[in-house]
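Data first, discussion second: the structure below is written as structure tokens.
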Amino acid sequence: MNYSILILIIVILIIISSVISKINFMVFLNKKCDQAISNIDIFLTRRYNIITNMQEVVKGYAKHEKDVLKTITKLRNDMTLEEKNRVNNEINKTIDKINVVVEKYPNLKANENYLKLQESIVDCEDNLAAARRVYNSNVNDYNVYIAKFPNIIFSNILSYKEREYFNKENKN
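The C-terminal residue of the sequence shown carries number 859 in this note's numbering, and the numbering is unbroken.
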């Protein structure tokens, strides 16, 4: 057998192996992003559940503040994958409004159920922030990988697009 044919076959196999490896790593990074956004979903759902429970506690003290409290339920029902950033920002604003309501009712601040819910929301916010950091880190790794040459060729062929970061609204 001719050595040049053997060398050509080996080179072709190395190229094919390299392409497959790059594509598989692209898929791996994409799936890591999907998993990370799923973790954010879990913490957002937990957060919404805690806020709903907080709503029930606050409702007993502030029946006339229903517009603030109803917003929680509305936002929960509107949540889709595409709207996570918007909903997250609206929930942050709603939490601020609930805190204003709580300031009007000193007895509520001393309520044991409310205090437990307040601790839970702080814990949930910490977990959500950590999940957001993991997601954004995974997105950064993925976006950098698909933008590098020659990966950009394969990402374009396979329609892998840059992913957006999960941003938290900046409070002034």
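Beta carbons: idealized from backbone N, C-alpha and C, even for Gly.
- With distances taken Cα to Cα, identify the nearest neighbour of residue 850 among 828, 844 and 841. In the sequence shown, residue 850 corresponds to position 163, counting from 1. Nearest of 828, 844 and 841 to residue 850, Cα basis: 828.
- Message: Is the separation between the beta-carbon of residue 843 and that of residue 720 shorter than 7 Å?
- Response: Position 156 of the sequence shown, counting from 1, holds the residue named residue 843. Position 33 of the sequence shown, counting from 1, holds the residue named residue 720. No, the Cβ-Cβ distance between residue 843 and residue 720 is not below 7 Å.
- Identify every run of the alpha helix (DSSP H) within the region 797-850, keeping only runs that are complete inside it and at least 4 residues long; order them along the chain. 799-834 and 838-844
- Leaving out five residues on either side along the sequence, give the residues of the same chain with a beta carbon under 6 Å from the beta carbon of residue 818. Here residue 818 refers to the residue found at position 131 of the sequence shown. These residues qualify, in order along the chain: 726, 727 and 730.
- Query: Under three-state DSSP, which class holds residue 715?
  - Reply: As a working note, residue 715 is residue 28 in the sequence shown. Helix.
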